[in-house]
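First comes the structure, then the notes that go with it.
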Amino acid sequence: DSGVTQTPKHLITATGQRVTLRCSPRSGDLSVYWYQQSLDQGLQFLIQYYNGEERAKGNILERFSAQQFPDLHSELNLSSLELGDSALYFCASSVASGGAGEQFFGPGTRLTVL
Amino acid sequence: QQPVQSPQAVILREGEDAVINCSSSKALYSVHWYRQKHGEAPVFLMILLKGGEQKGHEKISASFNEKKQQSSLYLTASQLSYSGTYFCGTGFSGGYNKLIFGAGTRLAVHP
């Protein structure tokens, strides 16, 4: 158990809908990262927040947005969902923002878009 | 910008050794290694930093060649529990710990 929690574990929805994925980092970690992993693919970095501020962006679609709240939990919002958005979405947390700190991954949310 | 991992897949017998390589076309600040079992979250194995600092699990060893922008993960005396997909994640100076992951190397260890 990494100490990172994600909810829900599974999510099934239809095309065109909007969903929110939630992540709570490990106690004391200020950085939260979101990754997308499509079937049998690698981890695609989406976005990073540090202590409430956006710090780095990856290949995140305009239909996707995220935020980190004062209590440090983060939410990833996915809208106008398409079939291709079906994937495992991981959240990770670390103490560091800059430099190199190990990232601890949550169990993931499996999103299925029908 | 995505690092290249090789080989793509490895099959071992218990007790055999393997080396997994990670190569980047861009100057690296750090290399992170993770192992992921099917349907589970990636698990941290090791960080290697520019300048020689390393942090990771005792039974895992790795190297980082800064000049060649390459890293290798050494798995010795493999156990069944080593099976999974190994990912390297590359970090860049000023990148706020943002990692770009390779496509992964699938390792299967058989009795």
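Taken in sequence, the protein lines are chains A and B.
One point on numbering: in this note's numbering, the residue at position 100 of the first sequence is 100, and numbering is uninterrupted.
One point on numbering: in this note's numbering, the residue at position 48 of the second sequence is 162, and numbering is uninterrupted.
Every residue gets a Cβ at the ideal spot worked out from N, C-alpha and C, and that includes glycine.
For Ala-66 of chain A, the uninterrupted beta strand (DSSP E) segment begins and ends at 64–68. Using a 10 angstroms sphere on the CB of Gln-68 of chain A, the tally of other CB atoms reaches 16 or more, which defines it as buried. Proximity of chain A to Phe-201 of chain B at the Cβ level (cut-off 8 Å) is accounted for by Gly-42 and Leu-43, in chain order. Apart from the 5 residues on each side of it in sequence, Lys-140 of chain B sits with its Cβ closer than 8 Å to the Cβ of Gln-115, Gln-183, Thr-204 and Phe-206 in its chain, given in chain order. By the rule that beta-carbons nearer than 7 Å mark a contact, Phe-64 of chain A does not touch chain B. Just measuring C-alpha positions, the residue of A:Asp-29, A:Thr-112, A:Leu-46 and A:Thr-7 sitting nearest Leu-83 of chain A is A:Thr-112. Residue range 132–137 is occupied by the beta strand (DSSP E) that includes Ile-134 of chain B. Inclusion of Phe-201 of chain B and Tyr-148 of chain B in the CB contact set at 7 Å is warranted, their separation being smaller than that value. Under the Cβ criterion of 7 Å, Phe-206 of chain B is not counted among the residues facing chain A. Below the 8 Å Cβ cutoff, chain B contributes Glu-154 and Ala-155 as neighbours of Pro-107 of chain A, in chain order. Our two residues, Ala-176 of chain B and Tyr-196 of chain B, have alpha carbons roughly 15 Å apart in a direct line. Counting the other CB atoms within 10 Å of its CB gives Tyr-188 of chain B a total below 16, which places it among the exposed residues. In the DSSP annotation of this structure, the continuous segment of the beta strand (DSSP E) that includes Ser-94 of chain A starts and ends at 87–94.
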